[in-house]
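>
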Amino acid sequence: MKPEIHNIKSETDRLIIRLLQNQDYERWMEGFRNRLPSQHKYDGNKMDMHGWTPQKFNEDVITKLQQLADRDEAYVFGVFRKSDQKHIGKVELSTIMRDEFQWGLLGYTIHNQYWRNGYGKEAVKEALSLAFKELHFHRVEAHINIDNQPSIKLAESAGMEFECTRKGFIYEFEEWTDNLVYFLNAK
1 MKPEIHNIKS ETDRLIIRLL QNQDYERWME GFRNRLPSQH KYDGNKMDMH GWTPQKFNED
61 VITKLQQLAD RDEAYVFGVF RKSDQKHIGK VELSTIMRDE FQWGLLGYTI HNQYWRNGYG
121 KEAVKEALSL AFKELHFHRV EAHINIDNQP SIKLAESAGM EFECTRKGFI YEFEEWTDNL
181 VYFLNAK
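Mapping of the sequence shown onto UniProt numbering: position 108 corresponds to residue 108, and the numbering continues sequentially without gaps.
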């Protein structure tokens with residue numbers, strides 16, 4: 001079943017989680033511009049924001065993300081702080097398989113200048129709720145590098161369970177890496 005995604009929006013006590021829109025350009029830029037230097041191996045490098053314009057944002061981000069959602073391939077939600085509307089990161093849900101599986105993959109990124117405030121846990125818990133209630137997944141997994149302790153702690157704090165280690169599972173850093181699989185099933 002393909003979900004109706006255009007109006008999906010969810011709120012927690014402190015956060016708003018919704019699809020990015022054209023008017024988010026300045027907030028989106030500010031979130032990336034104000035990132036601190038990389039804090040560890042899995043904290044991506046500061047993005048080069050030179051050359052980004054509202055038009056490029058619309059074409060390269062908004063339009064492409066909408067196409068992915070329209071095809072039920074991936075849903076990338078911006079995470080915004082309610083108190084000041086700042087863009088603090090994203091949560092994404094990708095379809096692994098539908099049919100009798102209804103199986104999705106969870107990814108998450110909070111800009112490092114907002115770490116250690118509980119935003120990641122709050123956003124991930126709400127993303128899992130969206131996955132089950134709005135996107136109709138039965139199972140959602142997170143694939144986490146075995147040495148990514150912050151991500152492991154986040155998945156566990158959001159209620160996901162460790163299932164297994166998949167050996168040589170994802171090609172990154174110019175090699176096949178092992179990943180831990182955390183999961184949650186719909187209740």
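Even glycine gets a Cβ: it sits at the ideal position worked out from N, Cα and C.
1) Can you tell me which of the three DSSP states K90 falls into?
2) Skipping 5 residues on each side, what residues in its chain have a beta carbon closer than 8 Å to that of V61?
3) Report, in whole angstroms, the separation of the C-beta atoms of H143 and V91, which I expect to be a contact under 8 Å.
4) Let me know the alpha helix (DSSP H) ranges lying completely inside the region 110–159, each 4 residues or longer, listed in chain order.
5) With T63 as the anchor, note down where its alpha helix (DSSP H) starts and where it stops.
6) Tell me which same chain residues have a C-beta within less than 6 Å of the C-beta of S151, skipping the five on either side of it?
7) Taking the alpha-carbon of S129 as reference, which of L93, F101, K82 has the nearest alpha-carbon?
8) Thinking just about the alpha-carbon of each residue, which of H87, D24, V140 is nearest to the one in Q113?
Taking the structure as given:
1) Numbered from 1 along the sequence shown, position 90 holds the residue referred to as residue 90. Residue state, collapsed to three classes: strand.
2) Here residue 61 is taken as the residue at index 61 of the sequence shown, counted from 1. The residues are L20, W28.
3) Residue numbering aside, residue 143 sits at position 143 when the sequence shown is read from its first letter. Residue numbering aside, residue 91 sits at position 91 when the sequence shown is read from its first letter. Wrong, their Cβ atoms sit about 15 Å apart, outside the cutoff.
4) If you keep only unbroken alpha helix (DSSP H) runs of at least 4 residues inside the region 110–159, you get 119–133, 149–157.
5) For the purposes of this step, residue 63 is taken as residue 63 along the sequence shown, with counting starting at 1. Unbroken alpha helix (DSSP H) run through T63: 63–70.
6) Looking up residue 151 in the sequence shown gives position 151. Counting only Cβ-Cβ distances below 6 Å, and skipping sequence neighbours, we find I144.
7) Sequence index remark: in the sequence shown, residue 129 carries index 129 (1-based). Nearest C-alpha to S129 among L93, F101, K82: L93.
8) In the sequence shown, counting from the first residue as 1, residue 113 sits at position 113. Selection H87, D24, V140 evaluated against Q113 yields H87 as nearest (Cα-Cα).
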